[in-house]
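Numbering (the numbering used here), first residue to last: 24 to 294.
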């Protein structure tokens, strides 16, 4: 009987590690590959966040900034409460929430890095219109964060590009490649705040999670439908806002949101 080749042994070892590294996404329950520790990613994101703030102009409108921070913290608290109630209190310790409003009326966007560092661009406010509309956006982005979508994407990158190398080893041996993986996984491009695409699966999950989070935070999740309709109509046949650049087709998104509204409304009506 032939002995298994080293390649087969290695493949089996990698498969076993991948199996151990799978975790469940909040709300949806989907299994997700998580090869990287949240503490490692949070450390990397703080450096990137500080650089982004240095290279950007923070908004001077105190009322708008206060609104972003108020809505952001309500969504963040709802997220931590949801995780605790779902038996995932272990995830809450990795977040140190911070919300800043960046002055850029041409950029209709927002994002949240691992560890809870978030940015909203003033260009999105004409679409959100009020606190509830902003809660749709921040619920969606915090949804990406608590689902660890970036971690999953970086884990896939480590697996395919660096052969499943542990992050700590990759940083030491291939720092440039690791930094590129991080920037791609969390949508940080050459231009400050330029987000690279999440997959449609991740976008749909973030929509569903975001509905639950905004409902738990006291915002009516039904506001998500008109918000995404406004965003879809804003392009006028031209290049869509960055927040929509790779998202599901508007009709599909609205249909999916309407399908998940009853789930979210249970949290809203119970308040």
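Every residue, glycine too, gets a C-beta built ideally from N, C-alpha and C. Since this is a predicted model, take the numbers as computed values, not measurements.
- Here residue 275 is exposed, its C-beta having fewer than 16 other C-beta atoms within 10 Å.
- Here the C-alpha atom of residue 46 lies approximately 35 Å from the C-alpha atom of residue 89.
- Between residue 272 and the set 98, 159, 251, the nearest pair of CA atoms involves 251.
- Taking 7 Å as the cut-off, the beta carbon of residue 287 is found closer than this to the beta carbon of residue 234.
- Classified as exposed, residue 278 has fewer than 16 neighbouring CB atoms from the shown chains inside 10 Å of its CB.
- Between residue 146 and residue 126, the C-beta gap is not smaller than 7 Å, which leaves the two residues out of contact.
- Bounds of the alpha helix (DSSP H) holding residue 150 are 148-151.
- DSSP lists 141 as the beta-bridge partner residues of residue 122.
- The three-state reading of DSSP puts residue 292 in helix, counting H, G and I together.
- With respect to the 7 Å criterion, residue 98 and residue 159 are not classified as neighbours on the basis of their beta carbons.
- Sequence-distant partners of residue 283 (beyond 5 residues in either direction) whose C-beta falls short of 7 Å from its own C-beta, in its chain, are 231, 234.
- Spanning the alpha carbons of residue 177 and residue 255 requires a straight line of approximately 29 Å.
- The C-beta of residue 78 has fewer than 16 other C-beta atoms within 10 Å across all chains shown, which makes the residue exposed.
- Closest in C-alpha terms to residue 140, from the list 168, 150, 179, comes 168.
- Per the coordinates, the alpha-carbon of residue 253 lies some 25 Å from the alpha-carbon of residue 292.
- When the five nearest sequence neighbours on each side are left out, the beta carbons in the same chain lying within less than 7 Å of the beta carbon of residue 175 are those of 55, 56, 57, in order along the chain.
- Cβ neighbours of residue 48 within its own chain (closer than 7 Å, five residues either side excluded): 55, 170, 228.
- The Cβ-Cβ distance between residue 143 and residue 114 does not fall below 7 Å.
- Distance from residue 248 to residue 289 at the Cβ level is roughly 17 Å; contact not present, criterion being Cβ atoms closer than 8 Å.
- Taking the CA atoms as reference points, residue 131 sits about 21 Å from residue 120.
- With respect to residue 122, residue 95 sits close: the two C-beta atoms are nearer than 7 Å.
- Scanning its chain for C-beta atoms nearer than 7 Å, with the 5 sequence neighbours on each side dropped, one finds around residue 82 the residues 88, 124, 125, 126, 145, in chain order.
- DSSP, reduced to helix, strand and coil, places residue 83 outside both helices and strands of the structure shown, so it counts as coil.
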